[in-house]
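Our numbering numbers the first residue of the sequence shown as 8 and each following residue consecutively. We put the CB at the ideal spot given by N, CA and C, even for glycine. Shown next, in structure tokens, is the structure this report addresses.
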Amino acid sequence: MNKIEKIFETILWQSRLVVIVAVVISLLSALTMFYIASVDAYYMFGHLIDYASPSLQAAERSAMRSSTVTHVVEIIDGFLLATVLMIFSMGLYELFISKIDAAMHDEETSSNVLLINSLDDLKGRLAKVILMILIVRFFEYAISMAFNTPMDLLVFSGGIALIGLALYLSHAGEKN
């Protein structure tokens with residue numbers, strides 16, 4: 008019975024390597040999002056050349072400015088999503104496969120964000136980055152929001168208050 012148990016435990020332990028599929032796909036997805044956000048930034052900068060043109064009317068300049076701010080928020084959103092995917096990929100690798108030796112040898116440049124010790128630690132770090140994505144999305148919608156009634160302004164201020172509460176609670180959880 009001891010030999011069968013040893014074989015079973017070996018197979019069970021080696022089955023953790025299936026997580027490599029999620030690690031690779033998450034890393035490729037992160038690189039894809041970095042690429043998309045970078046291309047978006049490149050084209051945004053290309054469109055800004057006309058912003059300084061003296062022939063541009065004030066209304067056109069205002070529309071271009073509003074569009075550019077929206078694009079910047081979308082680019083930030085893309086980079087944050089890429090960061091979530093990268094943290095997820097590295098966290099899964101460290102939790103299920105092995106510690107990343109390069110990060111342990113290079114303590115000067117390794118970040119505490121990438122030090123994952125448990126599944127709860129990974130979830131907490133991902134939750135904070137996802138919270139930042141939601142804040143950026145809220146900001147993106149707030150830019151184009153029309154305040155037609157006092158209720159619109161009240162709902163908007165309630166959203167800001169909830170964001171403040173979420174940030175407070177996420178930081179309060181760090182102290183415990």
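Check: Endpoints, alpha helix (DSSP H) assigned at Gln3; Outcome: The structure shown does not extend to residue 3, since the chain is modelled only from 8 to 183, so the question has no answer here.
Check: Cβ neighbour criterion (16 or more within 10 Å) applied to Asp127; Outcome: exposed
Check: Phe103 versus Ala134 - alpha carbon distance; Outcome: 20 Å
Check: Terminal residues of the alpha helix (DSSP H) in which Ile56 lies; Outcome: Premise fails: Ile56 is in no alpha helix (DSSP H) and is neither H nor E.
Check: Ser105 (DSSP reduced to helix, strand or coil); Outcome: coil
Check: Cβ pair Phe146, Gly166 closer than 8 Å; Outcome: no
Check: Val80 versus Ile56 - alpha carbon distance; Outcome: 19 Å
Check: Environment of Tyr100 [buried if 16+ CB atoms lie within 10 Å]; Outcome: buried
Check: Endpoints, the alpha helix (DSSP H) within which Phe154 is located; Outcome: Per DSSP, Phe154 belongs to no alpha helix (DSSP H) and is neither H nor E.
Check: DSSP state of Leu63 mapped onto helix, strand, coil; Outcome: coil
Check: Short Cβ contact (8 Å threshold) for Leu140 with Leu174; Outcome: Reading off the sequence shown, one finds Ile at residue 140, where the question assumed Leu. Not a contact, by the Cβ cut-off of 8 Å.
Check: Burial state of Val143 (16 or more Cβ within 10 Å); Outcome: buried
Check: Short Cβ contact (8 Å threshold) for Ile32 with Met51; Outcome: no
Check: Where Ser69 falls: helix, strand or coil (DSSP); Outcome: helix
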